[in-house]
Amino acid sequence: MVNIRARSIGWLLGSLMIFVSSCPAAAATAEQVTAGAAAGYPWWFWPIILFFFCLVLGILAVMAGVGGGVLYVPLVSGFFPFHIDFVRGVGLMVALAGALAAGPGLLRRNLANLRLALPVALIASTCSIIGAVLGLYLSSLNPDIIQVCLGVTIVGIATLLFFSKNTEKPVVTKQDAIGLALGLTGAYWDDGARESVEWKTHRTLLGLFLFILVGLLAGMFGLGAGWANVPVLNLLMGVPLKVSVATSKFLLSITDTSAAWIYMNRGCVIPLIGVPSIVGLMLGSLIGVKILAVAKPKMIRYVVIFVLFFAGLKAIDKGFGLGFLG
Amino acid sequence: MSIQNKEALKASREQIIYANLLIIGVWAGIIILVATYAIYLTGILAPHIEISAIPKLWGKGVGEFLEITHSPQGWGWVALLAKGDFLNYIGFVLLALMTIFCYLVLVRGYVRQKNWIFATIALLEIVVLSVAASGLVGGGGH
């Protein structure tokens, strides 16, 4: 009975995801929509559509185990009439609000680790400022450059999500000197296994270097960077998966803050777009957490990966002006 | 389980204070966002940019958008707080300031513990976030 219910919810959400990615596109191509936005629809049409779109995105993001920002930027820039500058600015605020809301619970349960997050956040947030400035500069030269680079990045993220096999509890035999000096060790209570799990890092220097790249990408494209944080923390530095996921979510609240300020100061956050996006995604995330208890998220994850592939290809198509994908 | 192990499982005092501060700030930010958005949409306060004009402009790049609408960059929005649209910035800014507030608590805690490495890291982060917020980077300054 529970299985049937779970499967039904899974199918329903999968269909919703396909609906979400095809609905605005079916109405018109993004360029046509831009041109006819004022003529065809009253001003309140797009904020309402955006709110419900983000509500569904929020549900699916939780189910698929990805951040809201990584879905928001490619899908909204591909299928809504907003310029990529505003989508990236609001995308960062969306990712920031979600990360800030999740932070307290993760910190209290000691799943997000401050000692691990602080050095990494300093590197990533500094680089996300550089990424944001670079992204806005490239966009002012030609927004198509950003569209193409975003598309390539999104296709890369989808590939990473498809192939990456995270390790629940990586074995770290010897901690490296930097990890030791920074005290990058910890322990958490694993409810499932009914045991405390102690952890420490290795390959810390290489991990810290990779966060330069993560910060640059997060700032340049307005994406939350959970898709990159988790593999670096888990697969490279040897942090247990639960701590990696929680620390990554918490990290976003710091990395995205610095990039969000750059976009906000530049004027890229329009309230008419920003508020329905943030509120819709946060409500969706709350609903998603409830559904997660009964639904099977694996199928949703594959649908989301497929949609990301499509959104990435569409961004490349749009950037090159090919028009193959509408 | 040893007492030492039990202690390791607990979140540190700074972590708990950080979490408590964050939860208050985030929900205050969201409530303010919803309230100011309602004021904006209902027209209780007249906006700087007519709502009906925005769909004609949101397809343009940010530079062109700002030029056409005579909108400010950086902290220029503060002067337009009496306008319905810029009133929404209070919520956005509160959300974006939360991390800086929380880091101030961390610095205090690390200095008390004489943990100079992490006190320095936290201080540097405050500097980085403050520079980003100042509007001096990325063309947001005046």
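First to last, the protein sequences are chains A and B.
Going by my numbering, the first residue of the first sequence is number 750, and it counts up by one from there.
Going by my numbering, the first residue of the second sequence is number 14, and it counts up by one from there.
Backbone N, C-alpha and C fix where the C-beta goes; we use that ideal spot for every residue, glycine too.
Treat the numbers as computed from the prediction; the structure is a model and nothing was measured.
Does the separation of the CB atoms of residue i and residue j fall below 8 Å?
i, j, result
"Val836(A)", "Val822(A)", "yes"
"Gly817(A)", "Ser1034(A)", "yes"
"Phe829(A)", "Leu799(A)", "yes"
"Pro1025(A)", "Pro796(A)", "yes"
"Val904(A)", "Leu1062(A)", "yes"
"Leu1021(A)", "Leu108(B)", "no"
"Tyr1012(A)", "Gly838(A)", "yes"
"Ala50(B)", "Asn101(B)", "Inspection of the sequence shows that residue 50(B) is occupied by Tyr rather than by Ala. Closer than 8 Å, so yes."
"Leu972(A)", "Val869(A)", "no"
"Ile139(B)", "Val118(B)", "no"
"Ala936(A)", "Glu947(A)", "yes"
"Lys949(A)", "Leu933(A)", "yes"
"Ile28(B)", "Leu863(A)", "At residue 28(B) the sequence reads Gln, which differs from the Ile that was named. Contact: yes."
"Leu959(A)", "Val981(A)", "yes"
"Leu34(B)", "Gly852(A)", "no"
"Val150(B)", "Ile878(A)", "yes"
"Asn1014(A)", "Gly148(B)", "yes"
"Leu990(A)", "Glu917(A)", "yes"
"Leu909(A)", "Trp976(A)", "yes"
"Ser913(A)", "Asp834(A)", "no"
"Leu824(A)", "Ala1060(A)", "yes"
Going by DSSP, what residues sit across from residue i in a beta bridge?
i, result
"Trp948(A)", "Gly935(A)"
What residues in its chain sit with their C-beta under 7 Å from that of residue i, if we drop five residues either side in the sequence?
i, result
"Leu137(B)", "none"
"Gly880(A)", "Gly964, Leu965, Leu966, Ala967, Gly968, Met969, Ala1008"
"Gly840(A)", "Gly818, Tyr821, Val822, Gly971, Leu972"
"Thr112(B)", "Leu142"
"Asn983(A)", "Asn915, Thr916, Pro919, Leu990, Ser993"
"Trp88(B)", "Gly148"
"Leu883(A)", "Met969"
Distance check for residue j and residue i, CA to CA, integer angstroms please.
i, j, result
"Ala1064(A)", "Gly827(A)", "6 Å"
"Val75(B)", "Asp940(A)", "48 Å"
"Ser25(B)", "Tyr116(B)", "14 Å"
"Pro60(B)", "Phe78(B)", "15 Å"
"Val141(B)", "Leu871(A)", "8 Å"
"Leu1030(A)", "Leu46(B)", "14 Å"
"Phe1069(A)", "Cys898(A)", "11 Å"
"Gly104(B)", "Val1028(A)", "12 Å"
"Met842(A)", "Ile81(B)", "24 Å"
"Lys23(B)", "Leu860(A)", "10 Å"
"Phe1058(A)", "Trp129(B)", "45 Å"
"Ala145(B)", "Leu1001(A)", "16 Å"
"Trp71(B)", "Gly789(A)", "15 Å"
"Gln924(A)", "Ile961(A)", "22 Å"
"Thr133(B)", "Leu1032(A)", "37 Å"
"Leu58(B)", "Asp98(B)", "8 Å"
"Ala135(B)", "Gly1072(A)", "48 Å"
"Ala41(B)", "Leu1074(A)", "42 Å"
"Ala66(B)", "Ala846(A)", "27 Å"
"Ala926(A)", "Pro85(B)", "48 Å"
"Asn978(A)", "Leu890(A)", "30 Å"
"Ala942(A)", "Ile1003(A)", "31 Å"
"Val988(A)", "Arg952(A)", "11 Å"
"Lys69(B)", "Val1018(A)", "16 Å"
"Phe1055(A)", "Ala907(A)", "7 Å"
"Gly1016(A)", "Asp1066(A)", "27 Å"
"Phe794(A)", "His83(B)", "25 Å"
"Thr902(A)", "Ala844(A)", "17 Å"
"Leu110(B)", "Phe801(A)", "28 Å"
Below 8 Å on C-beta distance, what does residue i contact in chain D?
i, result
"Trp948(A)", "The structure shown contains no chain D; its protein chains are A and B."
Please go through the same chain and pick out, in chain order, the residues whose beta-carbon is closer than 6 Å to the beta-carbon of residue i, but skip the five residues on each side of it.
i, result
"Ala813(A)", "Ile1049, Arg1050, Val1053"
"Ala786(A)", "Reliability of the predicted coordinates at Ala786(A) is poor, the pLDDT of 49 falling under 50, and no value is obtained from them."
"Ile37(B)", "none"
"Ala779(A)", "Note that Ala779(A) scores a pLDDT of 45, beneath 50, so its modelled location is shaky; the value from the coordinates is reported in the next line. Counting only Cβ-Cβ distances below 6 Å, and skipping sequence neighbours, we find nothing."
"Val815(A)", "none"
"Ala866(A)", "Thr996, Phe999, Leu1000"
"Cys803(A)", "Ser1026, Gly1029, Leu1030"
"His1089(A)", "Outside the displayed range of chain A (750 to 1075) lies residue 1089(A), so it cannot be described from this structure."
Quick check: is any heavy atom of the ligand MG less than 7 Å from the C-beta of residue i?
i, result
"Gly973(A)", "Judged by which ligands are present, the structure shown has none, so any question about the ligand MG falls away."
If I measure Cβ to Cβ from residue i and keep anything under 8 Å in the same chain, skipping five residues before and after, which residues do I get?
i, result
"Asn1037(A)", "Residue identity differs from the one stated: residue 1037(A) is Gly in this sequence, not Asn. These residues qualify, in order along the chain: Gly807, Ile808, Leu809, Ala810, Val811, Met812."
"Glu63(B)", "none"
"Phe114(B)", "Leu34, Gly38"
Within the chosen definition, does the stretch 1001–1013 of chain A reach the stretch 965–985 of chain A through at least 3 CB pairs nearer than 8 Å?
They touch, by the three-pair rule.
Per the contact definition of three or more C-beta pairs closer than 8 Å, is the stretch 984–1003 of chain A in contact with the stretch 854–872 of chain A?
The stretch 854–872 of chain A vs the stretch 984–1003 of chain A: in contact.
Could you tell me whether the stretch 878–894 of chain A touches the stretch 86–97 of chain B, where touching means 3 or more Cβ pairs closer than 8 Å?
no
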